[in-house]
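Residue numbers (the UniProt record's numbering): 1 to 245.
These notes concern the structure reproduced below.
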Amino acid sequence: MEGKVALVTGGSRGIGRAIALALADGGATVVINYNGSRDKAMDLKQEIESKGGRAEIYQCNVSDFAKCEELIQGIVKQFGSLDILVNNAGITKDGLLMKMTEEDFDQVIDVNLKGAFNTIRFASRQMLKQKSGRIINLSSVVGVAGNAGQANYASSKAGVIGLTKAAAKELASRGITVNAIAPGFIETDMTDALPEKVKEASVSQIPLARFGKAEEVAALAAFLASEAAGYITGQVIHVDGGMVM
Ligand code: NAP
């Protein structure tokens with residue numbers, strides 16, 4: 001990935017942070033997008049630079065269409081290209097369907113699904129000009145299998161799969177690959193928030209009998225972003241300890 005420029009949305013924490021590190025280790029210049037966690041994004045930039053890598057931080061709420069245009073234009077202006085886009089930014093607002101507010105439904109769709117559309121909308125124009133590119137979208141096993149209490153999140157992550165496949169078909173002729181990663185339960189702030197009882201019940205559904213690590217998702221993202229993955233597009237690859245098979 002030497003000489004490549006990568007954008008990781010929601011790169012300040014969790015899986016996005018691990019992906020940013022893995023891409024930087026592979027030689028890419030990494031733009032770490034964050035929404036609220038400026039200090040964490042700055043710490044990560046410094047960590048990458050201390051290892052001899054190149055990184056930049058960029059605040060942007062990915063649900064904002066106009067701000068995403070600015071984000072992509074800013075990257076191309078500063079670095080001259082955009083080769084790898086990782087749509088990782090995501091939120092949950094769990095609740096039973098009958099009690100879920102309209103706001104909680106809309107917010108999750110806006111960040112998780114519309115956010116991915118927004119960045120692809122602008123990044124793909126640049127990638128089309130370059131006649132190459134890698135787009136990697138974070139879906140979830142929940143987008144494939146559904147989950148009680150997560151109607152908003154499951155809808156957004158199923159939407160990400162549809163978006164991935166549509167974009168893959170639209171962009172393939174120009175050498176751009178688009179794939180989705182569907183993690184199961186991964187140890188991050190997002191799953192830390194789950195009650196202990198839910199965590200225990202979740203582990204019992206995982207054949208490998210443990211939560212995954214952010215680095216285990218990042219390893220797949222780095223592979224999909226590499227030259228070696230040039231013949232893989234439109235796929236949804238699970239990193240879930242065998243949870244959904
Ligand atoms: P996390 O620890 O909660 O981190 C979420 C990241 O998304 C943060 O960097 C956050 O940035 C960013 N973010 C949230 N809203 C944003 C917005 N509006 N604009 C830009 N950035 C925003 O989550 P995670 O567990 O690492 O999850 C990462 C992705 O993997 C998500 O798409 C999630 O749905 C998916 N996933 C996670 C799991 C899991 O078990 N952890 C399983 C399946 C799928 P700030 O802190 O700067 O606001």
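Cβ atoms here follow ideal geometry from the backbone N, Cα and C, with glycine treated the same way.
Cutting at 6 Å between CB atoms, please list the residues of its own chain near Gly159, excluding the five before and the five after it. Leu113
Whole-number beta carbon distance between Ala214 and Gly14, since they are thought to touch under 8 Å: 6 Å
When you measure from the CB of Arg210 to every non-hydrogen atom of ligand 1, does any distance come out below 7 Å? no
Which residues in the same chain as Ala22 place their Cβ atom closer than 8 Å to its Cβ, once the five residues preceding and following it in sequence are excluded? Glu215, Ala218, Ala219, Ala221, Ala222
Helix, strand or coil for Ile232? Go by DSSP, reduced to three states. coil
Backbone secondary structure at Thr9 - three-state DSSP: coil
heavy atom of ligand 1 below 7 Å from residue 247 C-beta: Missing from the structure shown is residue 247; the chain here goes from 1 to 245 and no further.
Quick test of your reading: Val236 and Ala154, contact by CB under 8 Å. State the CB separation rounded to the nearest angstrom. Between Ala154 and Val236 the Cβ distance is about 14 Å, and since that is not below 8 Å, they are no contact.
With H, G and I counted as helix, E and B as strand and the rest as coil, what does DSSP make of Gly162? helix
Check for me: the beta strand (DSSP E) holding Arg134 runs from which residue to which? 133 to 138
Given this structure, state the Cα-to-Cα distance separating Gly146 from Gly52, to the nearest angstrom. 42 Å
Taking DSSP as the reference, what is the three-state secondary structure of Ala20? helix
Using a Cβ distance threshold of 8 Å, determine whether the stretch 74 to 87 contacts the stretch 113 to 133, with at least three qualifying pairs required. yes
8 Å contact criterion, which Gly212 and Leu138 should meet: CB distance rounded: 13 Å between Cβ atoms; not a contact.
Cβ distance (whole Å) where Met1 is taken to contact Ser140 below 8 Å: In fact, because the Cβ distance is near 25 Å, the residues do not count as touching under 8 Å.
Thinking C-alpha only, which one of Gly80, Thr119, Asp192 is nearest Lys67? Thr119
Could you give the C-beta distance for Ile57 and Ile32, rounded to a whole number, given that I count them as a contact under 8 Å? 5 Å
What's the gap between the Cα of Lys93 and the Cα of Ala193? 11 Å
Quick check on Ile109: does DSSP put it in helix, strand or coil? helix
Beta carbon of Val198: closer than 7 Å to some heavy atom of ligand 1? no
In whole angstroms, what separates the C-alpha of Glu49 from that of Lys99? 46 Å
Could you pull out every residue in the same chain whose Cβ sits closer than 7 Å to the Cβ of Ile75, ignoring the five residues on either side in sequence? Val5, Leu7, Val31, Leu82
Reducing DSSP to helix, strand and coil, say where Thr119 ends up. helix
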